[in-house]
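Here the structure is laid out as structure tokens; the discussion comes afterwards.
2 protein chains.
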Amino acid sequence: MMRADIVIRGCTVLTMNEIDVIGRGVIAIKDGKILYVGRETEAPSFEADEVIDGQGKIAMPGLINCHTHIAMALFRGIAEDKELSTWLRETIWPLESKLRPSDVYYGAMLGFLEMIKSGTTCLLDMYFHEDMVARAAAEIGMRCVLAPGIFDAGHKVLGRALLRGAMKFVREYHGKGGGRIHAMLGPHAVYTCSPDLLRRIGEEAAGINIGVHIHLAESESESINIRKMYGKSEVGLLNDVGLLRSNLVAAHCIHLSDEDIHLMAKNNVKVVYNPVSNMKLSTGIPRIKDLLNAGLVVGLGTDGPASNNCLDMFETMKVAALLQKALYRDPRVLPAKKVIEMATIDGARVLGLDNIIGSIETGKKADIILIDANKPHLTPLYDIYAALVYSARGSDVDAVIIDGRVIMRGRLIETVDEREVMEKAAGVSQDLVSKRSLRESLVRRLIKRLE
Amino acid sequence: MMRADIVIRGCTVLTMNEIDVIGRGVIAIKDGKILYVGRETEAPSFEADEVIDGQGKIAMPGLINCHTHIAMALFRGIAEDKELSTWLRETIWPLESKLRPSDVYYGAMLGFLEMIKSGTTCLLDMYFHEDMVARAAAEIGMRCVLAPGIFDAGHKVLGRALLRGAMKFVREYHGKGGGRIHAMLGPHAVYTCSPDLLRRIGEEAAGINIGVHIHLAESESESINIRKMYGKSEVGLLNDVGLLRSNLVAAHCIHLSDEDIHLMAKNNVKVVYNPVSNMKLSTGIPRIKDLLNAGLVVGLGTDGPASNNCLDMFETMKVAALLQKALYRDPRVLPAKKVIEMATIDGARVLGLDNIIGSIETGKKADIILIDANKPHLTPLYDIYAALVYSARGSDVDAVIIDGRVIMRGRLIETVDEREVMEKAAGVSQDLVSKRSLRESLVRRLIKRLE
Chain Z
1 MMRADIVIRG CTVLTMNEID VIGRGVIAIK DGKILYVGRE TEAPSFEADE
51 VIDGQGKIAM PGLINCHTHI AMALFRGIAE DKELSTWLRE TIWPLESKLR
101 PSDVYYGAML GFLEMIKSGT TCLLDMYFHE DMVARAAAEI GMRCVLAPGI
151 FDAGHKVLGR ALLRGAMKFV REYHGKGGGR IHAMLGPHAV YTCSPDLLRR
201 IGEEAAGINI GVHIHLAESE SESINIRKMY GKSEVGLLND VGLLRSNLVA
251 AHCIHLSDED IHLMAKNNVK VVYNPVSNMK LSTGIPRIKD LLNAGLVVGL
301 GTDGPASNNC LDMFETMKVA ALLQKALYRD PRVLPAKKVI EMATIDGARV
351 LGLDNIIGSI ETGKKADIIL IDANKPHLTP LYDIYAALVY SARGSDVDAV
401 IIDGRVIMRG RLIETVDERE VMEKAAGVSQ DLVSKRSLRE SLVRRLIKRL
451 E
Chain P
1001 MMRADIVIRG CTVLTMNEID VIGRGVIAIK DGKILYVGRE TEAPSFEADE
1051 VIDGQGKIAM PGLINCHTHI AMALFRGIAE DKELSTWLRE TIWPLESKLR
1101 PSDVYYGAML GFLEMIKSGT TCLLDMYFHE DMVARAAAEI GMRCVLAPGI
1151 FDAGHKVLGR ALLRGAMKFV REYHGKGGGR IHAMLGPHAV YTCSPDLLRR
1201 IGEEAAGINI GVHIHLAESE SESINIRKMY GKSEVGLLND VGLLRSNLVA
1251 AHCIHLSDED IHLMAKNNVK VVYNPVSNMK LSTGIPRIKD LLNAGLVVGL
1301 GTDGPASNNC LDMFETMKVA ALLQKALYRD PRVLPAKKVI EMATIDGARV
1351 LGLDNIIGSI ETGKKADIIL IDANKPHLTP LYDIYAALVY SARGSDVDAV
1401 IIDGRVIMRG RLIETVDERE VMEKAAGVSQ DLVSKRSLRE SLVRRLIKRL
1451 E
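Protein chains in written order, with the numbering used here: chain Z, 1 to 451; chain P, 1001 to 1451.
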């Protein structure tokens, strides 16, 4: 008789490793980790504090959202159907200039609620006041990688101050929250950071062995500007300043030459594909098939909830597949199983966490979601990967376990008061929209400089 | 004091007519129709059999799915990530050749469950055994337009027999089900119907004043073939045979020249945009902005659940907007409000039913859905159209009323046993996949002829 904290019985298990699918499986969890996964008929007996009935359910690794700005949930729906630069400069940046730390806390909590309710258990976030995101994550029980945003936009002093603040955050939070909080440095983009700042960020990250998260080749016009200013591509510039390494997580990667792709693959850079945001902001379509063929590891992201407008990774999986099929005019491109890999084990590789998450296997952290397959839209169920990518919805997620702890059960969040979070976040959002701040005028001046 | 059957109080009402949005609204329903809609403060007193509390909910017209093959829910997930013609010829057509009427009944019932649970209240279906779809619709309480599929593929006798059967269906079912069942004729496509058959269909439809539903310019290779065979486009051919009229509902409309678009607009042809299916089968992207600019009325469809793989019109609305933004590289294209119009009032225009459905206004049929806005992903809520298109999910639909009857309440279907339908449909599907039939070999021969 083996001791376990939680045992899940009778579920179909998508392991996302070479074992593939287990028909009637058992998962045992102890001390936050997976103690056992296998067929029910071959499993040892367990004495468990809690037994979860998994019949009619699919267990899979929690989804990993590799690029978001979670607190932007506060800005959802404020400026719609607008062009990227107009959207950023007229609405988003001025609003962000007014953000107080407590606003970010509520925005993050609101975003976490939505993420957990649609099956996401880990995210990479780039934003301001990441200490507040860490606090919210610790409270709700989320796993995350947090990258404080850094930029200088021509203001050297500002860039250095933000880098110092980010390093302070890294020292204080990396490895905290019971090991659930990780840190990266988050230079916003090549067009908002000077080469000098980028070089310093690379050196600091290498010094303490953490990752770097950046927006890369998202806007075509900014990519063209960079080429005009520096005589090389964004990728070429990142290579020059020493950032083009295996710990670099590059979001978007739309406007790349074959040479760029080759250089990124040579350096094992990690890529994040954000199909919904790319379509909504019309920034272009990344050539994911070519990136994968070049050997690059690609994860999926929702991007911020203000340019999506949600954080649902099930939707992102489906649109990820659809958009590549449409781009290459070939329905065989990006088949369902590969998409699920991108949302789980490949996402873990992108974050450098594939030794602890991304698959259901003994010894890994127990980040597991249970999907209720007893739904009309999941009937009949022939191809489990296709069902999860093309038919399942975030709302089919019935239970969420992170680090061996049940965070959601029967679609009810167990760790925070959902209604209270929604009310607070709605109030905070309204305040931001209605008030002006001193900092806002500074940011408006910074924006002018960029133009 | 006015008598009503149902009164919904305190909801935000999206009327989808010139009144736009009513903040705290009241809707009164009597004898299947909308008796009153307006502000709570200005409403008369009602004595009602049932009062529904609409606080925190959004009431909008039920969504209209203008193109599907609903019983194909039975084939969901059987052949994935395949090319259109391979998918049709190797999997779908052989399976369809084995379909018995009772299979279609269960397939339709399964599809209706999914549709109602995601807010659809009316559909245009093209398939076999539409009498069985009508039976299922009558039982569950759905509103529908049913178009028995007609084709000859070189077999004149087959085409005439199918047309005769379709006309028999029209006589028996048009206007039945308490007026909820409407009929059209459904020539499959230009490449599967001879010009002679198309002409006869047009004459029959005109004779009894009903609509015609067809697949138009979906496959680029078939469009090219038609041009080779007849020296004109699919649209040109339809014009020649007299089908290019205001009662023609053309699904897909991807491979069109500017001349085709002009000709369609001149004849007020109705268009159905199926973004998810078009992407999944990689058949190309229709130029919806150009079609709208030409003055054409465009509705939305999911297409069959085997090429989508779901029937969720909320997803279709979002992808409809995203795909046009990506195609035109302009985030301002197809704004949220226009998308909602396409899914409601424009859909009603496509079906020729805008005098009875598509908006919430006095005298129209009470086809209304209530959306629960108390969700993290719908918080904050600034722009109601954007929230519904970009953030809302089918699973946010809390209640569905069709023809003044509550079909779903608190997400529970009231008219049929959901679990029983799922079990029966899954069984029927398994039978179809495992058995072979006599008819299958005939269809395989027909397919060979087409090749």
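Idealized CB from N, CA, C, for every residue including glycine.
None of the values given here were measured: they were computed from a predicted structure.
Beta-carbon contacts of residue i that lie in its chain and below 8 Å, excluding the five residues immediately before and after
i, result
"P:G1175", "I1181 and H1182"
"Z:L237", "V190, P195, L198, I226 and Y230"
"Z:L113", "I140, I413, V416, E418, V421 and M422"
"Z:T120", "G62, L63, I64, N65, L311 and M313"
"P:P1331", "K1325"
Span of the beta strand (DSSP E), counted from its first residue to its last, around residue i
i, result
"Z:Y273", "K270 to Y273"
"Z:A452", "Not covered by the structure: residue 452 of chain Z. The range shown for chain Z is 1 to 451."
"Z:K214", "For the sequence presented, residue 214 of chain Z should be read as Ile rather than Lys. First-last of the beta strand (DSSP E) with Z:I214: G211 to L216."
"P:M1126", "T1120 to Y1127"
"P:R1039", "K1033 to R1039"
"P:P1187", "I1181 to P1187"
"P:M1060", "K1057 to P1061"
"P:G1023", "V1021 to K1030"
Unbroken alpha helix (DSSP H) run spanning residue i, endpoints
i, result
"P:D1260", "D1258 to K1266"
"Z:I92", "Neither: Z:I92 is in no alpha helix (DSSP H) and is coded neither H nor E."
"Z:K338", "A336 to A343"
"Z:Y328", "M313 to Y328"
"P:D1131", "E1130 to I1140"
"P:E1172", "K1156 to Y1173"
"P:R1227", "E1220 to Y1230"
"Z:Y105", "P101 to K117"
Per-residue burial, residue i [other beta carbons within 10 Å of its own, 16 or more giving buried]
i, result
"P:L1291", "buried"
"P:I1208", "exposed"
"Z:G178", "exposed"
"Z:E96", "buried"
"Z:K266", "exposed"
"Z:N51", "With the sequence shown as reference, residue 51 of chain Z is identified as Val, and Asn is not the correct amino acid for it. That one is exposed."
"P:G1410", "exposed"
"P:G1211", "buried"
"P:T1086", "exposed"
Contact set for residue i: own chain, Cβ-Cβ below 6 Å, skip 5 residues either direction
i, result
"P:L1334", "A1321 and Q1324"
"P:M1115", "L1311"
"Z:E40", "R24 and V26"
"Z:K424", "Y106"
"P:A1138", "G1177"
Cβ distance (whole Å) where residue i is taken to contact residue j below 8 Å
i, j, result
"P:T1068", "P:A1079", "Not really, about 18 Å apart at Cβ, beyond 8 Å."
"Z:Y105", "Z:A73", "About 12 Å separates the two Cβ atoms, so there is no contact after all."
"P:N1239", "P:L1263", "6 Å"
"P:D1103", "P:L1432", "6 Å"
"P:S1246", "P:V1272", "Actually they are not in contact, since the Cβ atoms of P:S1246 and P:V1272 sit about 15 Å apart, beyond 8 Å."
"P:T1379", "Z:L110", "6 Å"
"P:I1369", "P:V1397", "5 Å"
Cut-off 7 Å between Cβ atoms - residues of its own chain near residue i, not counting five sequence neighbours on either side
i, result
"Z:S307", "S277, K280 and L281"
"P:A1373", "G1056, K1057, I1058 and L1381"
"Z:A366", "I29, G32, K33, I34, I401, D403 and G404"
"Z:F76", "Checking the sequence shown, residue 76 of chain Z turns out to be Arg, not Phe. Once the five neighbours on either side are set aside, the close Cβ partners of Z:R76 are P305, A306 and N309."
"Z:H215", "H188, A189, A251 and H252"
"Z:N17", "S359 and E361"
"P:D1354", "I1345 and A1348"
"Z:A343", "L63, I64, L300, M313 and M317"
"Z:G10", "R24, E40, D53, G54 and Q55"
"Z:Y328", "K289"
What residues in the segment 372–388 of chain Z have a beta carbon less than 9 Å from any beta carbon of chain P? N374, K375, P376, H377, L378, T379, P380, L381, Y382, D383, I384, Y385, A386 and A387
Along the segment 1275–1290 of chain P, where does the CB come closer than 9 Å to a CB of chain Z? Name the residues. P1275, V1276, N1278, M1279, K1280, L1281, S1282, T1283, G1284 and I1285
Below 8 Å between beta carbons is the criterion; list the residues of the segment 73–107 of chain Z that meet it against any residue of chain P, in chain order. A73, L74, R76, G77, I78, E80, D81, K82, E83, L84 and W87
Under 8 Å, CB to CB, which of the residues in the segment 415–430 of chain Z have a partner in chain P? E418, R419, V421, M422, A425, A426, S429 and Q430
Where the segment 1308–1321 of chain P meets chain Z: residues whose CB sits under 9 Å from a CB there: N1308, N1309, C1310, L1311, D1312, E1315, K1318, V1319 and A1321
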